[in-house]
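Q: Mapping the sequence shown onto our numbering, position 164 (from 1) lands on 164, and the numbers just tick up by one.
No residue lacks a Cβ here, since even glycine has one placed at the ideal position from N, Cα and C.
Got a structure here, written out as structure tokens. Questions coming.
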Amino acid sequence: MDRVIMHVDMDAFFASVEQKDNPNLKGKPVIVGGIGERGVVATASYEARKYGVHSAMPMYIARKRCPFGVYLPTRHERYREISREIFEILYSVTSIIEPLSIDEAYLDITNVSIDPIEVALCIKQRIKDKIGLTISVGISYNKFLAKLASDWNKPNGIKMITEEMIPNILKPLPISKVYGIGQRSVQKLHNIGVFTIEDMYKLSKEFCVEYFGKFGVEIYERIRGIDKREVKIDRERKSIGNEVTLKKDIKDKEEMKKYLKHFAHNIDISLSKKNMIGKTVTVKIKTANFISHTRSKTLNYYIKNEDDIYCIACEILDDIEFEDDIRLIGLTLSSLMENKIKQLTLNDFL
Ligand code: TTP
Ligand code: MG
1 MDRVIMHVDM DAFFASVEQK DNPNLKGKPV IVGGIGERGV VATASYEARK
51 YGVHSAMPMY IARKRCPFGV YLPTRHERYR EISREIFEIL YSVTSIIEPL
101 SIDEAYLDIT NVSIDPIEVA LCIKQRIKDK IGLTISVGIS YNKFLAKLAS
151 DWNKPNGIKM ITEEMIPNIL KPLPISKVYG IGQRSVQKLH NIGVFTIEDM
201 YKLSKEFCVE YFGKFGVEIY ERIRGIDKRE VKIDRERKSI GNEVTLKKDI
251 KDKEEMKKYL KHFAHNIDIS LSKKNMIGKT VTVKIKTANF ISHTRSKTLN
301 YYIKNEDDIY CIACEILDDI EFEDDIRLIG LTLSSLMENK IKQLTLNDFL
């Protein structure tokens, strides 16, 4: 496979977090969402799905279908907290991650020199051990197929779709499984007798363009196993760093450098975990009367070691002139990229 793309998606995420935090709920139908009169279901545990309860369903219908279910309001802050822990585990595998939602992401693991199934099993095991939840993983050579694969045998699933499986594995699938075909298009296609991907193979490229507009060609290719979309790295992750408001204002640059040393050390650790390197060092200071000074230096080479980061940070600080005491100091490294020189081994994320 040219590229190895992984799609990961937590199982019944909000409901599973509720079951984890209250083990009495394990094995029970749990429905999370707006519990008022006009509320809708955010998600339902797999036990509740057996009763026909699903996301976006009005709560009163859920209550009718599953009268003995446990109905809970959402706790978004808690889900975000767990999500951060999950993403930390994912970032220990690769830095090429595109988060899609609170519980879902694409990973490009082409350069991870471990068998993709092993990587998937490791991620699953680590999330189980450290967080106590299950995740479904799909692996393939593009995004569309990876996402299809993660949904293949949910919950706690793992599935790999290889080139040899195309087109046979796709043929019987309902057209609703094709990313990019919305509910209205599904209905319209049903009306002209198109129900499966195999039925769609009869539609010409020109027809698809006319029917689906600007996504026509992509849909035509997608159902044939072609999807060139890249895994887009999360922009927020394009810098690593920290800042602190000091307990006591300081003026002495040597004292400030102790903080820079500490930040550089933390950046070094984060970079190693994420297998990244960077070339823009930024020092930020804020004076006691709240004037900020932010200065950056972009190198023509990449760095990752504590000493290198610290050294550049000190040069930047020495060049900043200020008269007042300093109340806040920060250091970040940006212009990040994956460090391709070091290949990961299993031990790096076990
Ligand atoms: P999903 O991943 O779509 O659903 P899920 O994790 O609950 O179940 P599974 O992946 O096993 O099918 O969404 C993740 C969370 O996002 C979900 O737990 C609750 C929330 N969500 C809503 O609030 N409203 C919605 O309509 C959907 C689909 C999800
Ligand atoms: Mg999910």
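1) Count the other C-beta atoms from every protein chain shown that fall within 10 angstroms of the C-beta of ALA44, then say buried if there are 16 or more, exposed otherwise.
2) Taking only three categories from DSSP, how would you classify ARG295?
3) Is any heavy atom of the ligand TTP found at a distance shorter than 7 Å from the C-beta of ILE250?
4) DSSP three-state label for VAL209, please.
5) Who are the Cβ neighbours of LYS304 in its own chain at under 6 Å, not counting the five residues just before and after it?
6) Considering only their Cβ atoms, is the gap separating TYR51 from ARG65 smaller than 8 Å?
7) Judging by CA-CA distance, which residue of LYS214, VAL4, THR332 and ILE329 is the nearest neighbour of PRO116?
8) Is the shortest distance between the beta-carbon of ILE31 and the beta-carbons of chain D less than 8 Å?
9) Could you check if LYS154 belongs to the surroundings of the ligand TTP, using beta carbon to heavy atom distance under 7 Å?
10) My output table needs one value for TYR259: the three-state DSSP class, helix, strand or coil.
11) Fully enclosed by the region 116-167, which alpha helix (DSSP H) runs are 4 residues long or longer?
12) For the region 211-223 and the region 172-179, state whether three or more C-beta atom pairs, one from each stretch, are separated by less than 8 Å.
13) Would you say LYS253 and LEU336 are within 8 Å of each other, going by their C-beta atoms?
14) Considering only C-alpha positions, which residue in the set ASN339, VAL41, ALA12 and ILE312 is nearest to GLU104?
15) Give me whichever residues DSSP pairs with SER45 in a beta bridge.
16) Which residue wins for smallest C-alpha separation from LEU90, given the options PHE144, VAL32, CYS208 and ILE233?
17) Counting C-beta neighbours from all protein chains within 10 Å, is the total for GLN343 16 or more, i.e. buried, or is it exposed?
18) Taking the alpha-carbon positions, what's the GLY241 to ASN111 distance?
19) May I ask you to verify whether the region 21-37 touches the region 160-177, counting CB pairs closer than 8 Å and requiring at least 3?
20) Using 8 Å as the threshold, is the region 285-305 in touch with the region 198-211, meaning 3 or more CB pairs across them?
21) Taking the alpha helix (DSSP H) that GLY216 belongs to, which residues open and close that run?
22) Determine which residues share a DSSP beta bridge with GLY278 and list them.
23) Can you give me the start and stop residues for the alpha helix (DSSP H) that MET59 sits inside?
24) If contact is defined by three or more beta carbon pairs under 8 Å, each pair taking one atom from either stretch, is the region 305-314 in contact with the region 119-135?
25) Please state whether DSSP places GLU77 in a helix, a strand or coil.
26) Would you report the Cα separation of LEU107 and ILE82, rounded to the nearest angstrom?
A: Taking the structure as given:
1) Along the sequence shown, read from residue 1 onward, the residue named residue 44 stands at position 44. With 16 or more other Cβ atoms within 10 Å, it is buried.
2) As a working note, residue 295 is residue 295 in the sequence shown. Three-state result, ARG295: strand.
3) Walking along the sequence shown from the start, residue 250 turns up at place 250. ILE250: no, Cβ never under 7 Å from the ligand TTP.
4) In the sequence shown, the residue the question calls residue 209 occupies position 209. If DSSP states are grouped into helix, strand and coil, VAL209 belongs with the helices.
5) Here residue 304 is taken as the residue at index 304 of the sequence shown, counted from 1. Same-chain partners within the cutoff: LEU271 and ILE277.
6) In the sequence shown, counting from the first residue as 1, residue 65 sits at position 65. In the sequence shown, counting from the first residue as 1, residue 51 sits at position 51. Yes, they are a contact pair.
7) Counted from its first residue, the sequence shown places residue 116 at position 116. It is VAL4.
8) Given the protein chain composition of this structure (a single chain), no chain D is represented.
9) As a working mapping, residue 154 is identified with position 154 in the sequence shown. Answer for LYS154: yes, Cβ within range of the ligand TTP.
10) Here residue 259 refers to the residue found at position 259 of the sequence shown. Residue state, collapsed to three classes: helix.
11) 116-130 and 143-150
12) yes
13) Within the sequence shown, residue 253 is the residue found at index 253, counting from 1. Within the sequence shown, residue 336 is the residue found at index 336, counting from 1. Not a contact, by the Cβ cut-off of 8 Å.
14) Along the sequence shown, read from residue 1 onward, the residue named residue 104 stands at position 104. Residue ALA12 is the option with its Cα nearest to GLU104.
15) Locating residue 45 in the sequence shown gives position 45, where the first residue counts as 1. Beta-bridge pairing links SER45 to no other residue.
16) Stepping through the sequence shown from its first residue, residue 90 is reached at position 90. Of PHE144, VAL32, CYS208 and ILE233, the smallest CA-CA separation from LEU90 is found for ILE233.
17) Start at 1 with the first residue of the sequence shown, and residue 343 comes out as number 343. Low local confidence applies: a pLDDT of 49 at GLN343 is under 50, so the model's placement there is unreliable, with the coordinate-based value given in what follows. Under this definition GLN343 is an exposed residue.
18) In the sequence shown, counting from the first residue as 1, residue 241 sits at position 241. In the sequence shown, counting from the first residue as 1, residue 111 sits at position 111. Computed Cα separation, rounded: 25 Å.
19) no
20) By the criterion of at least three beta-carbon pairs nearer than 8 Å, the region 285-305 is not in contact with the region 198-211.
21) Residue numbering aside, residue 216 sits at position 216 when the sequence shown is read from its first letter. Taken as a continuous stretch (DSSP letters only), the alpha helix (DSSP H) holding GLY216 covers 216-222.
22) If you number the sequence shown from 1, residue 278 lands on position 278. According to DSSP, GLY278 bridges with ILE303.
23) As a position in the sequence shown, residue 59 is number 59, starting the count at 1. Per DSSP, MET59 belongs to the alpha helix (DSSP H) from 59-65.
24) Fewer than three pairs of CB atoms, one per stretch, sit closer than 8 Å, so the region 119-135 makes no contact with the region 305-314.
25) If you number the sequence shown from 1, residue 77 lands on position 77. DSSP places GLU77 in helix when its eight states are reduced to three.
26) Along the sequence shown, one-based indexing puts residue 107 at 107. Along the sequence shown, one-based indexing puts residue 82 at 82. Distance between the alpha carbons of LEU107 and ILE82 is about 19 Å.
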